[in-house]
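S.K.: Take this structure, written in structure tokens, and hold onto it; I'll ask about it next.
Number of protein chains: 2
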Amino acid sequence: MICINTGNHMDVMVNIEQASQDELLQAQRQLEQEYAKLAALNLSLDLTRGKPGPEQVALSDALDGILGGNYIDADGVDTRNYGGLQGLREARELFAPVLGADPENLMIGGNSSLSLMYAVVECALNIGLCGSAWSSQLDKPGAIKFICPVPGYDRHFAICEHLGITMLPVAMTDSGPDMDAVEHLLATEPGIRGMWCVPRFSNPDGVVYSEQTVQRIARLGQIAHDSFLVLWDNAYAVHSFDDDAAELPSISAYCDALKTQDQVVQFGSTSKVTFAGAGVAFLASGERTRTNLSKHLGYSSIGPDKVNQLRHVRLLRDAEGLGAHMRKHAALIAPRFACLQRELAAGLGGSGMGHWTEPGGGYFVSFDSLPGLAKEIVELAATIGVKLTPAGATWPYGKDPENSNIRLAPTFATLPELEAAVQAFVCCVKLASIRQRLARA
Amino acid sequence: MICINTGNHMDVMVNIEQASQDELLQAQRQLEQEYAKLAALNLSLDLTRGKPGPEQVALSDALDGILGGNYIDADGVDTRNYGGLQGLREARELFAPVLGADPENLMIGGNSSLSLMYAVVECALNIGLCGSAWSSQLDKPGAIKFICPVPGYDRHFAICEHLGITMLPVAMTDSGPDMDAVEHLLATEPGIRGMWCVPRFSNPDGVVYSEQTVQRIARLGQIAHDSFLVLWDNAYAVHSFDDDAAELPSISAYCDALKTQDQVVQFGSTSKVTFAGAGVAFLASGERTRTNLSKHLGYSSIGPDKVNQLRHVRLLRDAEGLGAHMRKHAALIAPRFACLQRELAAGLGGSGMGHWTEPGGGYFVSFDSLPGLAKEIVELAATIGVKLTPAGATWPYGKDPENSNIRLAPTFATLPELEAAVQAFVCCVKLASIRQRLARA
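Order-wise, the sequence lines are chains A and B.
Each residue of the first sequence is one higher than the one before, counting from 1 in this note's numbering.
Each residue of the second sequence is one higher than the one before, counting from 1 in this note's numbering.
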């Protein structure tokens, strides 16, 4: 571990609403000094992306050699040869509980759930997945629309932008997307064909959708267009910091009852379970959607890597094995989130200069500065060697209307690096906030 | 190995052009008897697909455990974490010579070159790869066209059909596609935007494109539309039966001289080197095309499986290691091709009932029956338990105008299975040929 000493970390505690002009000016001077000292440290810290740390990926080092030369699965399939578009039965049985779905409703993909999501959206758009191709229904540019809870995941938004799909933001609440707003949009706005969801430990808010929210989302297939799809990206399904974290109700159960199975596609992966980029991705949906998708994927693939599926089956074994493995991740991640929370509270608690989430799992803390400051804070941090996710990234088209949301990702850094990065971040937030206040005074 | 005794294999030797009506009738009776005996054996044999056999895939069993727990590549990249859309440098250096390309012009993909081909065509069609999107240039259904040498690979044709691309067949010659016909088509037919090629040991003919053919194909970018792409599927680049097999000249060298690098995309994979479906795929092209493709793939992937790339680097090491590995494959494959040639010659030599290729590498023998008989032969064989590639599969839309081409794939079967399958095939060819002759008499 690199030990980083940020020097005399000064305790500049003012409440931006209550401080006098003089107090603000004094605080600003102190912060400018602190900022200059941080700049002199030539920091090189990175809180941009939700990457597991080296100790986390090392938890799965046993994958190399785990087959002991036995490449045949429990059904006698030689995983070294072609075929098997749906994935090994053993792998489907292992991963189905992660999504709360039946193994027969699962398909295993390659190394990336993002690739599966792209394939689903692209197929629904140009070929037809659950009903006819969206592009054949709506051929005016921008006429096809997706509901996007905000703040959200930049790679979801990038898929829409790349494929010419118009994004309609809907606010997140403590229980998931604002479902009144979602239902209102579906009733009033033409052309809506999809909705992104990260239902457990949402990216970046860390919200776990409530039972009522899950139920209402499962019902959308009844009130939306027949070809409407919910993209249910359950990326952090088993990624809680402790066993007390809020559970996510299975959307499959509700979809079965409501006959909307084909309009919800669930995604998961082991990118943050085993190796990021060398894991196994999977999806679950109703039979019609799965059959159509399988047919579509059959044009571009003879089947995903079955050897890697078998490695994962041998390493993780079952739900219990997976749970034990995830507790090891939690033991590495939880202290980092605790450090982040501690430093934010110590530096900004009671300051009125921002608020942030305290998730029970996932990979992010969502920070909201005072309106209009996110870009400046990210620039201030970049200047002194602390990389943050670009301001706006959590919004469609990179446009955060309040210019206030910043996603913090504490998992990859070491604890000393993280501590230093957050202290620098706090300094930038304070400096930007007080400068703004003084400029307006 | 399963030992299959097809019983009293009868030597029905007639030349279909020279035999008298009586001789044909007698031969037909004998063949009906032989066919009935074969039917009674309840054979279950499969010559459909170019699958490596179990002994072949076992040549790479050392991949499991080969890292010895060291997941860091020569450049210090932790292959267990995200990133690396272009692929590891070590992997690009290993595979570049396979395509006769520079490592910096390579991109490593996932487990399937077919997926890379699909991504290239789909991107060029809907997004724009080498120039603007084909769909924006030509929006009438079927207006976008590909040149397809025939007989060819069914999965190439399926991609075109799935994406609504019209296929224009061009005959294969001993030196590759009929280039006069190709150049004439480009000069006279509007809307041509691509051409499929399997340049070494073509599927199914086993032809190695000549130097002149390679040169003329490299020049197509100068005479075709700016956004025209050659899809150069070098699937059997290192898959010769012995060291005397014809070499393929590097198309990269010609493209560099002619400034057409961006209009040729070369593909390769280790599907038939290590594990089929758990190997590494790669492509090479010019900088503009690669940059655009990389940008496009970046929307659907954070990067391919780098751990598997590293496994391959450690197993195959370099061009020499790869060559030694491929000679082990040849030692397993060559006897199967020899068996196939021997049985075809013994059963059909001098009969006038068909002709076939004698490739120096690859995975297929291309058989041409008398016109109008391929479907019947495939059905006759299926009835007695010998699965063949569907007749017509080697032609666009599954429509072989002569109904004569059948692709034979001898690699997966054991030698006794293969011998039995080819003897049964020979019986079906003779029976169908003589029945046709007698019906016309």
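Built from N, CA and C at the ideal position, the CB exists for glycine as well.
For a contact meaning CB atoms closer than 7 Å, what does Val273(B) contact in chain A?
M.R.: By Cβ distance, chain A contributes nothing, its closest Cβ being about 12 Å from Val273(B), past 7 Å.
S.K.: Return the chain-ordered list of same chain residues with a C-beta closer than 6 Å to the C-beta of Leu106(A), the five sequence neighbours on each side being excluded.
M.R.: Counting only Cβ-Cβ distances below 6 Å, and skipping sequence neighbours, we find Arg92, Ala96, Phe282 and Ala284.
S.K.: Compute the beta-carbon to beta-carbon distance between Trp196(A) and Phe146(A), rounded to the nearest angstrom, for a pair I have assumed lies under 8 Å.
M.R.: About 6 Å; that satisfies the 8 Å criterion.
S.K.: Measuring only the C-alpha atoms, how far is Ala74(B) from Ser294(B)?
M.R.: Going from the Cα of Ala74(B) to the Cα of Ser294(B) covers about 23 Å.
S.K.: At the 8 Å Cβ level, is Ala278(B) part of the contact set with chain A, yes or no?
M.R.: By this cut-off, Ala278(B) is an interface position.
S.K.: Would you call Met1(B) buried or exposed, if buried means 16 or more other Cβ atoms sit within 10 Å of its Cβ?
M.R.: The predicted position of Met1(B) is uncertain, since its pLDDT is 26 and thus under 50; a value taken from the coordinates is nonetheless stated next. Burial call: exposed.
S.K.: Identify every residue that forms a DSSP beta bridge with Pro177(B).
M.R.: The partner list for Pro177(B) (beta bridge, DSSP) reads Met172(B).
S.K.: Check the Cβ-Cβ distances between Ser44(B) and every residue of chain A, and say whether any is below 8 Å.
M.R.: No, Ser44(B) lies away from the interface with chain A (no Cβ there is under 8 Å from its Cβ).
S.K.: Verify whether the separation of the beta carbon atoms of Ser300(A) and Tyr118(B) is less than 8 Å.
M.R.: Yes, the pair counts as a contact, with Cβ atoms nearer than the cut-off.
S.K.: Let me know the secondary structure DSSP gives Cys148(A) once reduced to three states.
M.R.: If DSSP states are grouped into helix, strand and coil, Cys148(A) belongs with the strands.
S.K.: Hey, quick one: how far does the alpha helix (DSSP H) through Phe364(A) stretch, first residue to last?
M.R.: Segment: none, Phe364(A) is in no alpha helix (DSSP H) and carries neither H nor E.
S.K.: Taking DSSP as the reference, what is the three-state secondary structure of Thr260(A)?
M.R.: Thr260(A): coil per DSSP, three-state reduction.
S.K.: Please list, in chain order, the chain B residues whose beta carbon lies closer than 7 Å to that of His162(A).
M.R.: The contacting residues are Tyr299.
S.K.: Within 10 angstroms of its Cβ, does Cys312(A) collect 16 or more other Cβ (buried), or is it exposed?
M.R.: Per the sequence presented here, residue 312(A) reads as His, with Cys not at that position. Buried, by the Cβ-count rule.
S.K.: Around the Cβ of Glu287(B), are there at least 16 other Cβ atoms within 10 angstroms (buried) or fewer (exposed)?
M.R.: When all chains shown are included, Glu287(B) counts as exposed.
S.K.: Please list the partners that Asp305(A) has in chain B, where partner means a Cβ-to-Cβ separation under 8 Å.
M.R.: Per Cβ cutoff of 8 Å: Gly110, Asn111, Gly277, Ala278, Asp305 and Asn308.
S.K.: Just to make sure I have the definition right: I need the residues of chain B whose C-beta is within less than 7 Å of the C-beta of Ser115(A). Which are they?
M.R.: Ser300 and Ser301, listed in chain order.
S.K.: Measure the alpha-carbon distance for Gly142(B) versus Thr173(A) and round it to whole angstroms.
M.R.: Gly142(B) and Thr173(A): Cα-Cα distance of roughly 48 Å.
S.K.: If distances are taken between C-alpha atoms only, which option among Ile333(B), Met353(B) and Gly398(B) comes closest to Thr414(B)?
M.R.: Residue Ile333(B) is the option with its Cα nearest to Thr414(B).
S.K.: With the cut-off set at 8 Å, would you say Thr260(B) and Gly221(B) are in Cβ contact?
M.R.: Result yes, Cβ atoms of Thr260(B) and Gly221(B) sit closer than 8 Å.
S.K.: Closer than 8 Å by beta-carbon distance: list the chain B residues that pair up with Ile159(A), in chain order.
M.R.: By Cβ distance, chain B contributes Tyr299 and Ser300.
S.K.: Classify Lys399(B): buried if its beta carbon has 16 or more other beta carbons within 10 angstroms, exposed otherwise.
M.R.: So Lys399(B) counts as exposed.
S.K.: Have a look at Asp178(A), Ala237(A) and Tyr153(A) and flag the residue whose alpha-carbon is nearest the alpha-carbon of Ala245(A).
M.R.: The option with the nearest alpha carbon to Ala245(A) is Ala237(A).
S.K.: Bridge partners of Arg407(B), per DSSP?
M.R.: Its beta-bridge partners are Ser366(B).
S.K.: Between which two residues does the beta strand (DSSP E) carrying Pro193(A) extend?
M.R.: It should be noted that the sequence gives Arg, not Pro, for residue 193(A). Residues Ile192 to Cys197.
S.K.: To the nearest whole angstrom, what separates the beta carbons of Thr79(B) and Lys387(B), a pair I think is in contact under 8 Å?
M.R.: The pair is not a contact, with the Cβ atoms about 40 Å apart (cut-off 8 Å).
S.K.: Could you tell me the distance, in whole angstroms, from the CA atom of Arg437(B) to the CA atom of Cys428(B)?
M.R.: Taking the straight line from one Cα to the other gives about 14 Å.
S.K.: Taking only the alpha-carbon atoms, compute the straight-line gap between Glu402(A) and Ala257(B) and give it to the nearest angstrom.
M.R.: Their backbone Cα atoms lie some 54 Å apart in a straight line.
S.K.: Just to confirm my understanding: we take Arg435(A), look at its own chain, exclude 5 residues before and 5 after, and list those with CB closer than 7 Å. What are they?
M.R.: Excluding residues within five positions, the ones whose Cβ falls inside 7 Å are Gln28.
S.K.: By Cβ distance, which residues of its chain are closer than 6 Å to Thr357(A), with the 5 residues on each side in sequence left out?
M.R.: For Thr357(A), where only same-chain residues beyond five positions count, the Cβ hits under 6 Å are Asp205, Gly206, Val365 and Ser366.
S.K.: Is His355(B) helix, strand or coil when you go by DSSP?
M.R.: His355(B): strand per DSSP, three-state reduction.
S.K.: Tell whether a beta-carbon distance below 8 Å holds between Leu43(B) and Lys306(B).
M.R.: It is not a contact, given that the beta carbons lie outside the stated cut-off.
S.K.: Does Gly152(A) have its Cβ less than 8 Å from a Cβ in chain B?
M.R.: No, because no Cβ of chain B sits closer than 8 Å to the Cβ of Gly152(A).
S.K.: Going by DSSP, what residue range makes up the beta strand (DSSP E) through Trp232(B)?
M.R.: Leu229 to Asp233 is the span of the beta strand (DSSP E), which, as asked, contains Trp232(B).
S.K.: Would Arg437(A) pass as an interface residue toward chain B - the criterion being a Cβ-Cβ separation below 8 Å?
M.R.: Not one chain B Cβ lies under 8 Å of Arg437(A).
S.K.: If you reduce the DSSP assignment to three classes, tell me which class Gln436(B) lands in.
M.R.: Reduced to three states, the DSSP call for Gln436(B) is helix.
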